[in-house]
Amino acid sequence: MLRQTSAPRMKITLALGLSAVMAAGSVGCSQKEEGTKGQAKAIITVSNYDRGNIPATEGTVEENRWTKWINEHSPVTAKYVPVARAESVKKLNVLFASGSAPDIVNDFDTGFRNSLYQQKQLMPLDDYLQYAPEYQKLLEKYPQLRKIGTKADGKLYEIGKINEPHLQSVAFIRMDWLKKLKLEVPKTTEELLVVLKAFVEQDPDGNGKKDTYGTNMSYTSDGMVDSMFGSYGWKISSDDKIIRTWDNTLESLKFKKRLFEEGLIDKDYLADKNGAKAKQDYLNGKIGIYLPPVVSSWFESTVTDLQTLRKVVPEAEIAPMAQPKSPMGQFVHHVVNPIQMTTVINAAAKNPKAAMEYINFIIKPENGLILRKGVEGEHWKKGADGFPKVIDPAKNAKELDWAMDYTMFYSFPENPLLTSITAFDVSDPIQKAGLEMLKKADEFLLNPDAQYPALSHYEHMPNLPSDLVVINTNVDKEMKDIYAKGIIGGAKYTPEQALADTKAAWERGGGKQIEEFMNTWYKENKDRAFLGKDILEMVRSQHK
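For the sequence shown, the numbering used here gives the first residue as 44, with consecutive numbering after it.
And the structure:
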């Protein structure tokens, strides 16, 4: 059972949360909160993504209804520095180089934040945690948060958040097709091939045409096939060294080649550069097991998509599917990064105390609720289940939905009013079924025999120095081209030959240097590293 769905605790938390919001909302907007001991409020600068999605009538990143609300209620005054999302690192680097970088820097790029540490541009936070008691509580509750935010000198530099313990990728299988063909959900990759073949050859949609696909592999969806085999570049060997996953990759390649040659996927999958065609095929009722590039919204994947699918196929039923066991073992799907670092403080900040007070203000449960859900009675109302329900989606799209980055370091699992389950209205049968699918997918994570499919989440992987980045970029492109040829190149170009050519390209391109770097990093950081086993331990503990 999910921790946040415990009924007694939920009732208490809901009561506290809603009371806090109403109390916060009752503070007059014209009432200016002063700083400590009646002094004028300190002024700080804060970077915030500019995604170009704020309606002109609502203002700008620097000034809008939510920045005004923050500054009216916060113990400090924040001046926001807009940073174009697509060029955030470039813009922030320019600001640091010119000595005009903001006091608080928010950015998801792990490599960028690490580079700031290496350049001694960051302020250690240990002496200022007292001004952010809300964050101190998180550090005590989740020691991993401190572990990951601490750098090689033993000091804490990064502020992060706890994410919900859900899968970031999962397969959705057409249960109505399985029932029609009298098949079971596949438990192994060999059983998966049997099911996919039936989905292609036995006319599961009953239109008398051979026009269905077993699954999809375009864009990044082929990564879900890789995860069945643990084929994600690196793994820890039996003698505790980091090695390439060549054997895993070979098995994954062989499987992908069968999918292609046996017509179980769209043979033009490489032309589907963003996965849009595969998504449309799925929504048109033509794919039996859909591998989405990512599950960014469980409500969209389990409710919205099903409603769209049922416009074409009224009897359609879908269900999340656990990864089938492969010759390389049992793996789970990739999960949302459970601990995500987002924020640092500029070493040149003149008032780090005020910066931490700002962070403390934003992560208070009642403030996070307002900034993410809006004002009760205006943007949401309490539903029968006690959760906030959107009153007018169009109003929220105009006034609220674009404001998410002001809370990018907020830990949503700490406020049950903001978790994914609140989106589902269980009085609606389709939404109730969608919530059950989310819970079912969560259970996949609890299989004690399942391994994480990669060395770690990419945000916790070591950052290569610039010379190795060039090597990795060049050799990675060559390797991907070889893998693609190994899949579509016919009987004369086998997966075994593709792997041999890939290994040669890796060594020729300087891959051994990257292997040496990875092993040096592992030897020096294995006690601080947040690896796949740590990720599973974390998300499983969140479900207790």
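We put the CB at the ideal spot given by N, CA and C, even for glycine.
Would you report the Cα separation of residue i and residue j, rounded to the nearest angstrom?
i, j, result
"Q164", "A175", "21 angstroms"
"N250", "G328", "11 angstroms"
"G68", "L574", "Unreliable placement is indicated for G68, whose pLDDT of 42 sits below 50; no coordinate value is reported for it."
"K75", "N490", "Any reading at K75 is ruled out, since the residue's pLDDT is 45, under 50, leaving its predicted position unreliable."
"N291", "P496", "10 angstroms"
"N96", "K180", "34 angstroms"
"A397", "P459", "28 angstroms"
"G197", "P505", "17 angstroms"
"S369", "V513", "34 angstroms"
"N206", "V379", "7 angstroms"
"N389", "R128", "19 angstroms"
"I332", "D269", "16 angstroms"
"F147", "Y262", "This sequence places Ile at residue 147; Phe is not what is there. For I147 and Y262, the distance between alpha carbons rounds to 35 angstroms."
"H376", "P395", "40 angstroms"
"F342", "A214", "15 angstroms"
"L443", "Y256", "40 angstroms"
"T563", "I285", "9 angstroms"
"G273", "G318", "22 angstroms"
"Q366", "E183", "34 angstroms"
"R46", "L461", "At R46, the pLDDT of 35 sits below 50, so the modelled position is not reliable and the matter cannot be decided from this model."
"D248", "P431", "39 angstroms"
"A493", "L239", "23 angstroms"
"S73", "K84", "Summary for S73: the model assigns pLDDT 31, below 50, so the residue's position carries little reliability, and this model does not support an answer."
"T153", "K354", "42 angstroms"
"E521", "M364", "33 angstroms"
"D577", "M561", "18 angstroms"
"M271", "F242", "20 angstroms"
"T351", "V469", "19 angstroms"
"L59", "L507", "With a pLDDT of only 38 at L59, under the threshold of 50, the placement of this residue in the model should not be trusted, and no figure is reported."
"W112", "M447", "14 angstroms"
"N149", "T465", "27 angstroms"
"G429", "D544", "59 angstroms"
Could you name the residues that DSSP lists as bridge partners for residue i?
i, result
"F215", "Y333 and P363"
"T88", "K122"
"Y178", "Its beta-bridge partners do not exist; DSSP assigns none."
"Y256", "I330"
"S369", "G372"
"D93", "A127"
"W277", "R287"
"G102", "N107"
"L210", "V378"
"T292", "Paired residue(s): none; T292 is not in a bridge."
"T231", "K368"
Using the beta-carbon count (16 or more within 10 Å), is residue i buried or exposed?
i, result
"E400", "buried"
"E106", "exposed"
"D524", "exposed"
"G533", "exposed"
"L579", "buried"
"S454", "buried"
"T386", "buried"
"Q187", "buried"
"S212", "buried"
"T110", "buried"
"P357", "exposed"
"A50", "At A50, the pLDDT of 33 sits below 50, so the modelled position is not reliable; the number obtained from the coordinates is stated separately. The residue in question, A50, is exposed, as its Cβ has fewer than 16 Cβ neighbours within 10 Å."
"M65", "Low confidence applies here, because M65 scores a pLDDT of 39, under 50, leaving its location unreliable and the question unanswered by this model."
"Q323", "exposed"
"G142", "exposed"
"E409", "buried"
"Q162", "exposed"
"Y178", "buried"
"D311", "exposed"
"Y501", "exposed"
"E457", "buried"
"K134", "buried"
Please report the Cβ distance between residue i and residue j, rounded to the nearest whole angstrom; I am assuming they are in contact, meaning their Cβ atoms lie under 8 angstroms.
i, j, result
"Y160", "S131", "In fact, because the Cβ distance is near 17 angstroms, the residues do not count as touching under 8 angstroms."
"K528", "Y536", "6 angstroms"
"Y526", "A541", "6 angstroms"
"F452", "I382", "The pair is not a contact, with the Cβ atoms about 12 angstroms apart (cut-off 8 angstroms)."
"I473", "L349", "6 angstroms"
"N517", "G554", "10 angstroms between Cβ atoms; not a contact."
"M166", "A392", "6 angstroms"
"K299", "M260", "7 angstroms"
"L511", "Q556", "6 angstroms"
I want to see whether chain D comes within less than 8 angstroms of residue i, judged by CB atoms only; does it?
i, result
"E233", "Of the protein chains in this structure there is only one, and it is not chain D."
* Runs of alpha helix (DSSP H) lying entirely within the stretch 376-449, each at least 4 residues, in chain order -> 395-405, 408-416 and 436-442
* **Unbroken stretches of the alpha helix (DSSP H), 4 residues or longer, contained in the stretch 128-206** => 131-140, 153-161, 176-184 and 186-192
* To do: Would you mind listing the alpha helix (DSSP H) stretches within the stretch 459-498 that are 4+ residues and don't spill past its ends, in chain order?
  => You should have 472-487.
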